[in-house]
Amino acid sequence: MTDELVFYTNPMSRGRIIRWMLEETGADYETRVLGYADSMKGAEYLTINPMGKVPAIVHKGRVVTECAAICAYLADAFPDAGLAPTEEERADYYRWLFFAAGPLEQAVTNHNAKFEPSAEQGRSFGYGDYDRAIATFEKAVAAHPYIAGDRFTAADVYVGSQVMWGMQFGWMPDRAAFQDYAGRLAERDAYRRGNEKDDALMPQQAPAA
Numbered sequence: 001m002t003d004e005l006v007f008y009t010n011p012m013s014r015g016r017i018i019r020w021m022l023e024e025t026g027a028d029y030e031t032r033v034l035g036y037a038d039s040m041k042g043a044e045y046l047t048i049n050p051m052g053k054v055p056a057i058v059h060k061g062r063v064v065t066e067c068a069a070i071c072a073y074l075a076d077a078f079p080d081a082g083l084a085p086t087e088e089e090r091a092d093y094y095r096w097l098f099f100a101a102g103p104l105e106q107a108v109t110n111h112n113a114k115f116e117p118s119a120e121q122g123r124s125f126g127y128g129d130y131d132r133a134i135a136t137f138e139k140a141v142a143a144h145p146y147i148a149g150d151r152f153t154a155a156d157v158y159v160g161s162q163v164m165w166g167m168q169f170g171w172m173p174d175r176a177a178f179q180d181y182a183g184r185l186a187e188r189d190a191y192r193r194g195n196e197k198d199d200a201l202m203p204q205q206a207p208a209a
């Protein structure tokens, strides 16, 4: 039943990552679209995510937030989809999933905000500096067809979204390794379906505040 898996989102948000992931699982789910200025900050939703942000899912009464966590959770919750890592893939799967959600996200966000840490500050920053984080990420993306090896996994949904959005909005350099990786992911049927569903919701939403 769809009420066992409820997806809270806005089409102009990182909820698009989770839409793609949900489409990859093939699971039935209910979508609840929230507005930035109203329902996302309303009392009902704040009981689900006190941060007042999307995306979030509620599966069998359990709340999961944060995109990387949701991707990993859904891979485990729907094993028949084959999105969780094998024993051989597990190290790279978790390493780069959390690298993208942690050091890379921090590096890209600060760089986009025009904040560059000094050499002294970089010693205490998890990502060191932007150039180092991007170079490390580029090597990871170029190492295999997919982030954990030769096979698509849930980690590619999150990592791939970082690459595609990063190049689209200029947060990351437009390099061959990123282009090739993004091109493979953009051909996936689930990615296309997810975009179509979110694009269809766009006219109903006001721009983010």
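In our numbering, the protein residues as written are 1 to 209. Using N, Cα and C, we set each Cβ at its ideal position, and we do this for glycine too.
So what does DSSP say about T47, is it helix, strand or coil? For this step, residue 47 is matched to residue 47 along the sequence shown. In the structure shown, T47 falls within a coil segment according to DSSP collapsed to helix, strand and coil.
Below 6 angstroms CB to CB, which residues in the same chain sit around Q162 once its five sequence neighbours on both sides are set aside? Counting from one through the sequence shown, the residue named residue 162 turns up at place 162. Cβ neighbours of Q162 beyond the five flanking positions: A100.
Status (buried if at least 16 other CB within 10 Å, exposed otherwise) for T86: Here the question's residue 86 lines up with position 86 in the sequence shown. T86 is exposed by the Cβ-count criterion.
Does the distance from the C-beta atom of L74 to that of T25 stay below 8 angstroms? Position 74 of the sequence shown, counted from the first residue, corresponds to residue 74. Position 25 of the sequence shown, counted from the first residue, corresponds to residue 25. A contact, by the Cβ cut-off of 8 angstroms.
Taking a contact to mean a Cβ-Cβ separation below 8 angstroms, would you say G166 touches V108 in this structure? Reading the sequence shown from its first residue, position 166 is the one you call residue 166. Reading the sequence shown from its first residue, position 108 is the one you call residue 108. In this structure, G166 places its C-beta atom within 8 angstroms of the C-beta atom of V108.
Could you spell out where the alpha helix (DSSP H) holding I57 opens and where it closes? In the sequence shown, counting from the first residue as 1, residue 57 sits at position 57. Run containing I57: none in the alpha helix (DSSP H); it sits in the beta strand (DSSP E), 56 to 59.
Can you say whether F137 is buried or exposed, counting buried as having 16 or more other CB atoms within 10 angstroms of its CB? To locate residue 137, count along the sequence shown from 1; it is residue 137. It is buried - the Cβ of F137 has at least 16 other Cβ atoms within 10 Å.
Can you check DSSP and say which residues form a bridge with A30? Position 30 of the sequence shown holds residue 30. Per the sequence presented here, residue 30 reads as Glu, with Ala not at that position. DSSP lists V6 as partners of E30.
Using alpha carbons as the reference points, say which of F7, Y158, A27, F115 lies closest to I57. Reading the sequence shown from its first residue, position 57 is the one you call residue 57. I57 has its Cα closest to that of F7, out of F7, Y158, A27, F115.
Strand pairing of R62, partner residues [DSSP]: One-based indexing of the sequence shown puts residue 62 at position 62. DSSP, once it has assigned bridges, lists H59 as partnering R62.
Between the C-alpha atoms of M1 and F169, what's the straight-line distance to the nearest angstrom? Indexing the sequence shown from 1 puts residue 1 at position 1. Indexing the sequence shown from 1 puts residue 169 at position 169. Because the pLDDT of M1 is 46, which lies under 50, any placement of that residue in the model is unreliable, and the number read from its coordinates should be weighed accordingly. M1 and F169 have their alpha carbons spaced roughly 37 angstroms apart.
Three-pair Cβ contact test at 8 angstroms for the segment 10 to 25 versus the segment 184 to 192: A contact exists between the segment 10 to 25 and the segment 184 to 192.
Beta-carbon contacts of E89 that lie in its chain and below 8 angstroms, excluding the five residues immediately before and after: As a working note, residue 89 is residue 89 in the sequence shown. Taken in chain order, the residues that qualify are A148, G149, R151, T153.
Quick one: using the 10 Å Cβ neighbour count with 16 as the cut-off for buried, is S118 buried or exposed? The residue given as residue 118 occupies position 118 in the sequence shown. S118 comes out exposed.
Following the continuous alpha helix (DSSP H) through D76, name the residue where it begins and the one where it ends. Reading the sequence shown from its first residue, position 76 is the one you call residue 76. Start and end: 67 to 77.
What is the residue span of the alpha helix (DSSP H) that A14 lies within? Numbered from its first residue, the sequence shown carries residue 14 at position 14. Position check: residue 14 holds Arg in this sequence, whereas Ala was assumed. For R14, there is no enclosing alpha helix (DSSP H), as DSSP marks it with neither H nor E.
Helix, strand or coil, according to DSSP, for Y94 in the structure here? Mapped onto the sequence shown, residue 94 falls at position 94. Helix at Y94.
Reducing DSSP to helix, strand and coil, say where G194 ends up. In the sequence shown, counting from the first residue as 1, residue 194 sits at position 194. Look at G194 here: in three-state DSSP terms it is helix.
Assign Y130 to one of three DSSP states: helix, strand, or coil. Along the sequence shown, one-based indexing puts residue 130 at 130. It is helical.
Three-state secondary structure assigned by DSSP to V82: For this step, residue 82 is matched to residue 82 along the sequence shown. It should be noted that the sequence gives Gly, not Val, for residue 82. Residue state, collapsed to three classes: coil.
Output the boundary residues of the alpha helix (DSSP H) element that contains T109. In the sequence shown, the residue the question calls residue 109 occupies position 109. Counted as a single uninterrupted DSSP element, the alpha helix (DSSP H) harbouring T109 occupies residues 105 to 112.
Within 10 angstroms of its Cβ, does F78 collect 16 or more other Cβ (buried), or is it exposed? On the sequence shown, position 78 is the one that residue 78 refers to. That one is buried.
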